[in-house]
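With the numbering used here, letter number 55 in the sequence shown gets 245, and the count goes up by one each step, no holes.
Beta carbons are placed, not taken as given, at the ideal position from N, Cα and C, and that holds for glycine.
One structure below.
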Amino acid sequence: HAKQERHDKEVALQHAEQERHDKEVALQHAEQERHDKEVALQHAEQERHDKEVALQHAEQERHDKEVALQHAEQERHDKEVALQHAQLLAARLRELGIDPKTILGTALS
Numbered sequence: 191h192a193k194q195e196r197h198d199k200e201v202a203l204q205h206a207e208q209e210r211h212d213k214e215v216a217l218q219h220a221e222q223e224r225h226d227k228e229v230a231l232q233h234a235e236q237e238r239h240d241k242e243v244a245l246q247h248a249e250q251e252r253h254d255k256e257v258a259l260q261h262a263e264q265e266r267h268d269k270e271v272a273l274q275h276a277q278l279l280a281a282r283l284r285e286l287g288i289d290p291k292t293i294l295g296t297a298l299s
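Here you go:
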């Protein structure tokens, strides 16, 4: 009877040890899963950040192109105004009996 009791206790102790081991393994798995989720979250955050930076760069590039277009438009306008002024000046010189080509030819000589 004592031998059976000792055997039963030994079996119960083995079961308890197996249960403790199983819980430890489950805890390690849960910790690994938590770690994996944390890493995935960090990767997602990095990807979000990278996309935000790319969006900012694209917005800056769009803005730069818009400014360049405005400058080109201003330059075109300035040339148009200068041409109008030159045409008005040439017309005025002709009214005064002066050939504008003569003045330009003289100025270039």
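- Query: From L217 to R210, what does the alpha carbon distance come to, in whole angstroms?
  - Reply: 10 Å
- Message: Please confirm whether K213 has its beta-carbon closer than 7 Å to some beta-carbon of chain C.
- Response: Looking for chain C here will not work: only one protein chain is present.
- Item | Neighbourhood of S299 by C-beta distance below 8 Å, restricted to the same chain and skipping five residues each side | Reliability of the predicted coordinates at S299 is poor, the pLDDT of 44 falling under 50, and the value obtained from them is presented with this limitation in mind. Answer for S299: no residue qualifies.
- Message: Can you give me the C-alpha to C-alpha distance between D254 and R282, rounded to a whole angstrom?
- Response: Within the model, the alpha-carbon separation for D254 versus R282 is close to 42 Å.
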